[in-house]
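For the numbering used here, count along the sequence shown from 1 and bump the result up by 1. Glycine included, each C-beta is placed from N, C-alpha and C at the ideal position. See below for the structure under consideration.
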Amino acid sequence: MRILFITSNRIGDAVLSTGLLAGLMERYPGAKIWVACGPLAVPIFEHAPGVEKVIVLKKAPWAGHWRKLLRQTMFRHFEAVVDLRGSATAYLLCAKKRHVLKANHTLHRVIHNAGVAGFDPAPWPRVWPGEAARKRARELIPDGRVVLAIGPSASWPRKMWPVEYGAELVRRLTGPGGPLQDVHVLIAAAPGERELAKPIIDAVPDERRIELIGEDLSLVAACFERIRLYIGNDSGLMHLSAASGAPTLGLFGPTPDGRYDPWGTNTARVRGPRSYEQILAEEGEKYAGESAMRDLSVDKVYDAACALLARTDTKSQAKDIA
């Protein structure tokens with residue numbers, strides 16, 4: 002039994018599709034799964050149980066990436082083809098069942114994905130870092146070490162909370178009297194983004210700083226499984242953190258939080274005084290220029306972080322139960 006699972010080029014959307022993939026694994030136990038995704042998303046799937054093959058869909062002129070996928074799948078028989086890209090591929094292959102995502106801009110992406118194959122409730126996103134990554138993560142974050150993780154970047158500048166605000170937040174959370182006083186700080190970002198993250202890097206003493214800039218996503222996910230709190234913009238790293246089970250606070254501005262909230266019971270979101278619709282009406286759909294999140298204050302994010310820390314404090318919860 003073989004299943005073809007076509008998912009996103011983008012890291013965030015790929016992570017949000019992992020719940021559906023996990024649901025398919027349970028629906029078709031023992032199935033061999035082929036995943037087709039963009040190059041950046043490969044580490045999200047390559048260690049997943051049951052995944053036999055990952056086909057890299059690197060965008061090519063004249064739909065060359067789709068032709069590549071067809072060449073590798075055309076003469077195979079599939080129990081099911083699940084296409085979250087909404088392409089015609091599923092209809093060109095030999096398959097018993099075809100599940101093709103249709104546009105829906107009202108549902109959260111996790112629920113939208115799950116609905117394509119009839120899952121209700123939606124299976125939760127998850128991570129499969131692999132044992133080598135988990136071993137390295139244990140070296141970076143030994144048992145008992147408390148870590149605050151920060152994700153200062155995003156796919157476009159308008160949805161990045163000003164990095165100087167992030168540096169001030171780190172100082173307040175980890176400084177004297179802060180709820181995470183003297184803890185280690187993990188800074189995660191894509192290759193080439195160290196200069197962008199420098200104000201936050203400089204706010205953390207060398208001996209308490211863990212830099213995961215340009216690191217493999219498998220290692221990042223494995224580290225996120227061991228952190229106390231993640232704070233970051235609406236991005237792939239935010240969704241990766243939530244999928245790992247870490248308490249995750251998402252910072253939102255010119256993107257719709259109702260559709261892209263971090264998913265899970267240990268998550269929260271915060272935005273400034275303007276809704277997504279207000280920002281859109283006032284500034285339009287700009288993808289370049291400065292941050293549209295300068296009105297999200299450090300005080301508001303600090304309070305939201307403290308509230309999430311209190312809600313996810315397992316020691317306090319254990320005392321309450323006792």
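For residue 189 and residue 216, I'd like the C-alpha separation in whole angstroms. Near 8 Å, if we compare the C-alpha coordinates of residue 216 and residue 189.
Could you give the first and the last residue of the continuous beta strand (DSSP E) run that contains residue 185? Per DSSP, residue 185 belongs to the beta strand (DSSP E) from 185 to 190.
For residue 80 and residue 11, I'd like the C-alpha separation in whole angstroms. Counting only the Cα atoms, residue 11 lies some 26 Å from residue 80.
For residue 212, report the span of its beta strand (DSSP E) as first-last. Its beta strand (DSSP E) spans residues 210 to 214.
Secondary structure of residue 100, DSSP reduced to three states: Reduced to three states, the DSSP call for residue 100 is strand.
Rounding to the nearest angstrom, what Cα-Cα distance links residue 277 and residue 203 in this structure? Counting only the Cα atoms, residue 203 lies some 32 Å from residue 277.
Find the nearest neighbour of residue 9 within the set 22, 229 and 121, judged by alpha-carbon distance. Among 22, 229 and 121, the Cα nearest to that of residue 9 belongs to 22.
In or out: residue 266 buried (at least 16 other Cβ within 10 Å) or exposed? Residue 266 is exposed by the Cβ-count criterion.
Residues of its chain near residue 43, where Cβ-Cβ distance is below 8 Å and the 5 sequence neighbours each way are ignored: These residues qualify, in order along the chain: 55 and 57.
Can you tell me whether residue 103 is buried or exposed, with buried defined as 16 or more other CB within 10 angstroms of its CB? Label assigned to residue 103: exposed.
What are the start and end residues of the beta strand (DSSP E) that includes residue 272? Taken as a continuous stretch (DSSP letters only), the beta strand (DSSP E) holding residue 272 covers 268 to 272.
Between the alpha carbons of residue 193 and residue 214, how many angstroms are there, rounded? Whole-angstrom Cα-Cα distance: 8 Å.
Minimum C-alpha distance to residue 249 - residue among 225, 47, 70 and 184: The alpha carbon of residue 249 has as its nearest neighbour, out of 225, 47, 70 and 184, the alpha carbon of 225.
Taking only the alpha-carbon atoms, compute the straight-line gap between residue 322 and residue 312 and give it to the nearest angstrom. Confidence in residue 322 is poor, its pLDDT being 33 and thus under 50, which makes the residue's placement too unreliable to answer from.
8 Å Cβ shell around residue 293 - same chain, five flanking residues per side excluded: So the list reads 159, 160, 254, 255, 280, 284 and 287, once near-sequence residues are dropped.
contact_flag[the segment 113 to 132, the segment 30 to 43] where n(CB pairs < 8 Å) is 3 or more: Short answer: they don't touch.
What residues in its chain sit with their C-beta under 6 Å from that of residue 222, if we drop five residues either side in the sequence? Cβ neighbours of residue 222 within its own chain (closer than 6 Å, five residues either side excluded): 128, 130, 241 and 245.
Spatial neighbours of residue 305 in its chain, beta-carbon cut-off 7 Å, leaving aside the 5 residues before and after: Result list for residue 305: 250, 269 and 271, in chain order.
Could you compute how far the alpha carbon of residue 6 sits from the alpha carbon of residue 40? The straight-line gap from Cα to Cα measures roughly 15 Å.
Straight-line Cα distance separating residue 126 from residue 13: Annotation: residue 13 to residue 126 spans about 11 Å, alpha carbon to alpha carbon.
What is the rounded straight-line gap between the Cα of residue 154 and the Cα of residue 219? So the alpha carbons of these two residues sit roughly 18 Å apart.
Using the Cβ count rule (16 or more neighbours within 10 Å means buried), how would you classify residue 315? Residue 315 should be labelled exposed.
If I measure Cβ to Cβ from residue 211 and keep anything under 8 Å in the same chain, skipping five residues before and after, which residues do I get? Excluding its 5 nearest sequence neighbours in each direction, residue 211 has C-beta neighbours in its own chain below 8 Å: 141, 142, 148, 185, 186, 187, 188 and 224, listed in chain order.
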